[in-house]
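Here's the structure, in structure tokens; my notes come after.
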Amino acid sequence: MPLIIKGARQIGKTNAIKNFGENNYKTFIEINFVFQPEFKTIFEDGFVVDNIIKNITLKMPEVELNENDTLIFFDEMQECVSTATSLKAFREDGRYY
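Here the numbering used here runs 1063 ahead of the position in the sequence shown, where the first position is 1.
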């Protein structure tokens, strides 16, 4: 299930997710929509997970996405409203966390 973490600023939410992802998944990807605004376009082809993954890999060709062993962390979601909509597609697809 997708997880949305809310809380006060500067209390360690991002660091906790990074630590968890790096220690529990073969591949951990962090996309921060504040510091990486170019990633806002990954949803332009709609919300089919294969299209989103293709668009991520076009921007991060060095990253190998492993089905069932990749955690994708969308940070600063409020900067890209399409991100929340994509979570349902990721949940239904089930190959990426």
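Just so you know, even glycine gets a beta-carbon here, dropped at the ideal spot from N, CA and C.
How about residue i and residue j: do their beta carbons lie closer than 8 Å?
| i | j | result |
| --- | --- | --- |
| Ala1152 | Phe1110 | yes |
| Lys1122 | Phe1102 | yes |
| Phe1106 | Ser1145 | yes |
Along the chain, where does the alpha helix (DSSP H) containing residue i start, and where does it finish?
| i | result |
| --- | --- |
| Thr1077 | Lys1076 to Asn1087 |
| Ile1116 | Val1112 to Lys1122 |
| Thr1133 | Where Thr1133 is concerned, there is no enclosing alpha helix (DSSP H), although the beta strand (DSSP E) it sits in stretches over Thr1133 to Asp1138. |
| Glu1155 | Ser1145 to Asp1156 |
Where does residue i sit, in a helix, a strand or coil, going by DSSP?
| i | result |
| --- | --- |
| Glu1093 | strand |
| Ile1068 | coil |
| Phe1098 | coil |
| Leu1128 | coil |
| Glu1059 | This structure cannot settle anything about residue 1059, because the visible part of the chain is limited to 1064 through 1160. |
| Gln1141 | helix |
Assuming the contact rule is C-beta atoms closer than 8 Å, residue i and residue j should be a hit. Round their C-beta distance to whole Å, please.
| i | j | result |
| --- | --- | --- |
| Arg1160 | Thr1133 | The displayed chain sequence assigns Tyr, not Arg, to residue 1160. Indeed, because the Cβ distance is near 7 Å, the residues count as touching under 8 Å. |
| Pro1065 | Arg1154 | 6 Å |
| Glu1139 | Asn1095 | 5 Å |
| Ile1068 | Lys1081 | Not a contact, Cβ separation roughly 12 Å. |
Closer than 7 Å to a non-hydrogen atom of the ligand ATP - does that hold for the CB of residue i?
| i | result |
| --- | --- |
| Thr1077 | You won't find the ligand ATP in this model; it holds no ligand whatsoever. |
Checklist entry - Pairing CB atoms from the region 1122-1139 with CB atoms from the region 1075-1094, are three or more of them under 8 Å? => result yes
Next on the checklist: Quick test of the definition: if touching needs 3 or more C-beta pairs under 8 Å, does the region 1102-1118 touch the region 1139-1159?
Outcome noted: yes
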